[in-house]
Amino acid sequence: ALMPAFGVFEYARLARATAALRVTPADAALLAALTVAAFFYNLARLYFVRYTSAHYSTLASNVKVIALVALSIALFGARVSAANAAGMVVSLAGFVAYNVVTSKWWQ
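For the sequence shown, the numbering used here begins at 350 and goes up steadily by one.
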C-alpha cells in the first residue's frame, strides 16, 4: 500500500541522494545474504513462539541480547559499566528464576 506513495513522493529524492554511491557485486551479495539470514531468523522466531509462548520468547530475547553483549566484550574489548553489568545479572537471574518456577521439576 505504501509503495505507490513511495514512487510518487520519495523515489526521485532517493535517486538523487544515492546517485554518487557505487554498489559493487560484493555489496549486492552481502545484501542478498543478509536478506536470506533475516528471513530464516524470522522463520525460526515464528516457530519458537509457536512452540513456546510469546512471554518466553521475550525472555529468551533478553538472554540473546546479553549473549551479544558478552560476545562484543570478548571480541572487541568493550567496556561495561557497573550499571550495565548489574542489569545483565538481574536479567539473567530473572530468566533463571522464571524457568525454575515454571518448570515441571519444581512442581
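Using N, Cα and C, we set each Cβ at its ideal position, and we do this for glycine too. The structure presented is a predicted model; accordingly, all values stated were derived computationally and were not measured.
What are the start and end residues of each continuous alpha helix (DSSP H) run of 4 or more residues lying completely inside the region 357–401, in chain order?
Within the region 357–401, the complete alpha helix (DSSP H) runs of at least 4 residues are 360–366 and 374–400.
Looking at the unbroken alpha helix (DSSP H) that takes in residue 414, where does it start and where does it end?
Where residue 414 is concerned, the enclosing alpha helix (DSSP H) stretches over 403–425.
Collapsed DSSP secondary structure at residue 440 in the structure displayed:
Here residue 440 sits in helix by DSSP.
Backbone secondary structure at residue 449 - three-state DSSP:
Residue state, collapsed to three classes: helix.
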